[in-house]
Each structure stands twice: as C-alpha cells, then as structure tokens.
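Please read the structure below before turning to the comments.
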Amino acid sequence: MQFEGKTALVTGASRGIGRAIALELARQGVKRVLLVARDRQRLEDVCQELGYLGAEAIALPMDLTDPVGVNVAIAQAWRHHGPIHLLVNCAGVAHQSPFLEARLPQVHSEIATNLVGLYTVTRLVARRMAARREGQIVNVSSLMGRVAAPTMATYSATKFAILGFTQALRGELAPFNVKVTALLPSLTDTDMVREMHRFRWVQPVTPEAVAQAMVRGLSWGQTEILVGWQSHAAVWAQRLAPGLVDRLVQLAAPPARRIATVPFR
Ligand SMILES: NC(=O)c1ccc[n+]([C@@H]2O[C@H](COP(=O)([O-])OP(=O)(O)OC[C@H]3O[C@@H](n4cnc5c(N)ncnc54)[C@H](OP(=O)(O)O)[C@@H]3O)[C@@H](O)[C@H]2O)c1
Numbered sequence: 004m005q006f007e008g009k010t011a012l013v014t015g016a017s018r019g020i021g022r023a024i025a026l027e028l029a030r031q032g033v034k035r036v037l038l039v040a041r042d043r044q045r046l047e048d049v050c051q052e053l054g055y056l057g058a059e060a061i062a063l064p065m066d067l068t069d070p071v072g073v074n075v076a077i078a079q080a081w082r083h084h085g086p087i088h089l090l091v092n093c094a095g096v097a098h099q100s101p102f103l104e105a106r107l108p109q110v111h112s113e114i115a116t117n118l119v120g121l122y123t124v125t126r127l128v129a130r131r132m133a134a135r136r137e138g139q140i141v142n143v144s145s146l147m148g149r150v151a152a153p154t155m156a157t158y159s160a161t162k163f164a165i166l167g168f169t170q171a172l173r174g175e176l177a178p179f180n181v182k183v184t185a186l187l188p189s190l191t192d193t194d195m196v197r198e199m200h201r202f203r204w205v206q207p208v209t210p211e212a213v214a215q216a217m218v219r220g221l222s223w224g225q226t227e228i229l230v231g232w233q234s235h236a237a238v239w240a241q242r243l244a245p246g247l248v249d250r251l252v253q254l255a256a257p258p259a260r261r262i263a264t265v266p267f268r
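Residue numbers (our numbering): 4 to 268.
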C-alpha cells in the first residue's frame, strides 16, 4: 500500500499502539488522520502531535460500544473528511482474571469493545469503501489470537474471533478491491498491560515497533502481520508442536491465585 496523500481512520488512537500507528502513518505521508477513542482531551493532544508532523488530524470522540453514536459519527466523518482509504481497528480492552473468578461485566466489556465495536465500525466503513472499489482495513488482533493464554480466556477468545472475521472479510471484500489484514502484536508496553501479572520469558516490544511492523507489512502486502521474533517462534511452534506450546504457556502464565471454593448447589 502507498500511504502518501491518503486519509486514515484509527480507533484506539488516544494512547498506546493506536497513537503510535497514527503518528507513524503521518511520518509515512498520510495526509489526514481521523482519531477515534472516548477521551476527547487525549485525542486533541495526539492531533497536536500529528500537526507537528505535517498531517491534518481530526478528533472523533466516540464510544465504540454505542452503535447508534458510532453510526452517526462515522457517517458525518465520511461526509466531511472522507473518503477513508485506510481503517485501522485498534481500540481494545483486556481484563486479566482466572476464569473461575471472571466477572460478567468485564466479559461483556471485552466482547462489546474488541469484537462488536470493531464489527460496527468495519461495517460502516467497508460498505463505503466497497462502493468506491478501494480500501485497506487492518484489524488488530494479538499473538493471543493464535496462542491463547490462561487468565486471558475472554480476551483470547475475542482475538481468535477477530482473526476469523478478518479471514472471512478478506475473501468477501476482495472483489471490491478492499484488502483486509490482521495485525498480531505480542506483549507491548502500554497502559493495557501495566497492571497485569506478566507471563514469564515474554519480552515487551514498544508501540512504535508495532506501528513500524504494520507499515512494513502493508507495504509488502502481507495478510497477517506478526510483530517480533518471539511471535514468529510462538506461531511456528504452535503449528509444529501444539502440545508443547500448551505446556510452555502453562509454565509461563502468572502463578494461579488461590481460588475460594464455592460449593455447588
Ligand atoms: N499492549 C499489548 O500487549 C497488546 C498486545 C497485543 C494486542 N494488543 C491490542 O492492541 C490494541 C491496542 O492496545 P493498547 O495496548 O494500545 O491498549 P491501551 O493503551 O489500553 O489503548 C486502548 C485504546 O482503545 C481505546 N478504547 C478502549 N475502549 C474504547 C471504547 N469503548 N470506545 C472507543 N475507544 C476505546 C482507548 O481510548 P479511551 O480509553 O480514550 O477510549 C485507547 O485509545 C488492542 O486491540 C489490544 O488488544 C495489545
């Protein structure tokens, strides 16, 4: 993909990986970046940073779990600032918890943001891209969308689902010249993981490294973009020796917390 002069919409752009992607796109010559997240002030700050890099930036505060609000905001954004050539679905939440202690509101929030939120934006933008016979969509999954991890069951489930969704859309949208790619970051040093119990042996990468890997992968026309050697090693090991990977993941997972036994009735 060529980036110069294009318009991109990045969700989750107020911080972390989404912010790094927005900045990297500006460095690559993207003309206009539409930034989506809930926190208006943080979005305005990123807009300012993009301005220094010579890109036009527009803050679009919205909550992806509110489909009506998203519908209105995306329609207006396309009318006023479109067409959008590149959509990066990066917004996401993660709640780490042993499955037996998981709370339903957290499970709902992961599914509503990571999966239904991504679906809502994609549907609105993909239809318009298909009508123009031009577009590129990037769905941010995770290495945990290939190798699921204890204490992250629902999060892993949403990230596996994103890969399936991406693969299906790739086939469906190809006749309309809309390309669909998955980005699979491994552990990345952002707010999302700061409070989490870490997995042993996993080295975090920077959000900037993820953004650069995405740009490189899109330039090469990759359909699934893995970030860092640890991800490549994990995915190959999963293919060749899934039983061994299961064992290693169990060893690497944070120590199981003592779980109060609740008698069944
Ligand atoms: N960090 C990692 O180790 C890692 C590894 C693999 C994959 N990923 C994936 O990479 C993506 C970005 O993660 P990150 O590490 O950059 O996380 P982060 O620093 O916590 O940022 C998450 C972003 O999503 C936005 N967001 C969350 N809920 C939203 C909602 N309901 N509506 C609109 N925006 C919402 C947040 O903005 P507001 O709070 O302002 O709304 C923020 O901009 C996620 O999809 C994550 O699953 C992360």
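Glycine included, C-beta positions come from ideal geometry on N, C-alpha and C.
Rounded C-alpha distance that separates residue i from residue j
i	j	result
Val-119	Val-143	14 Å
Asn-180	Ala-11	17 Å
Tyr-122	Gln-79	18 Å
Val-96	Ser-159	11 Å
Phe-102	Pro-257	13 Å
Leu-37	Asn-92	12 Å
Ser-112	Glu-104	16 Å
Asp-249	Leu-243	12 Å
Leu-127	Thr-14	13 Å
Pro-266	Arg-106	Interpretation of Pro-266 is limited by its pLDDT of 41, a score under 50 that renders its predicted location unreliable; the figure taken from the coordinates is listed afterwards. Cα to Cα, the separation comes out at about 18 Å.
Ser-222	Glu-175	22 Å
Phe-6	Arg-22	17 Å
Thr-226	Thr-184	5 Å
Asn-74	Arg-173	23 Å
Ala-171	His-83	30 Å
Proximity winner among the options, relative to residue i (alpha-carbon distances)
i	options	result
Gln-31	Val-230, Val-218, Ala-255, Ala-240	Val-218
Met-132	Leu-146, Ile-87, Val-252, Met-155	Ile-87
His-235	Cys-50, Thr-157, Leu-187	Leu-187
Pro-1	Ala-134, Gln-99, Gly-138, Leu-67	Missing from the structure shown is residue 1; the chain here goes from 4 to 268 and no further.
Glu-59	Glu-211, Pro-245, Val-49	Val-49
Ala-164	Ala-156, Gly-148, Leu-172, Trp-239	Gly-148
Arg-35	Arg-43, Ile-20, Glu-52, Arg-41	Glu-52
Gly-8	Leu-89, Asp-42, Ile-61	Leu-89
Gln-109	Arg-173, Gly-19, Thr-157, Val-196	Thr-157
Gln-189	Glu-211, Leu-172, Gln-233, Ala-171	Just to set this straight, residue 189 is Ser in the shown sequence, not Gln. Among Glu-211, Leu-172, Gln-233, Ala-171, the Cα nearest to that of Ser-189 belongs to Gln-233.
Asn-117	Arg-136, Trp-81, Phe-168	Phe-168
DSSP state of residue i mapped onto helix, strand, coil
i	result
Gln-139	strand
Glu-227	strand
Asn-74	helix
Arg-149	coil
Arg-27	The identity of residue 27 in the sequence shown is Glu, whereas the question assumes Arg. Three-state DSSP puts Glu-27 in a helix.
Val-36	strand
Lys-9	coil
Ala-216	helix
Glu-198	coil
Ala-80	helix
Pro-245	helix
Pro-188	coil
Asn-92	strand
Val-205	coil
Ile-87	coil
CB of residue i within 9 Å of CB of residue j, strictly
i	j	result
Val-213	Ile-24	yes
Ile-140	Ala-151	no
Ala-16	Thr-68	no
Val-238	Leu-166	no
Val-208	Asp-192	yes
Lys-162	Met-4	no
Asp-194	Gly-19	yes
Leu-28	Val-39	no
Residue i at chain B interface by Cβ criterion, 9 Å
i	result
Ile-114	Among the protein chains of the structure shown there is no chain B, as only one such chain exists.
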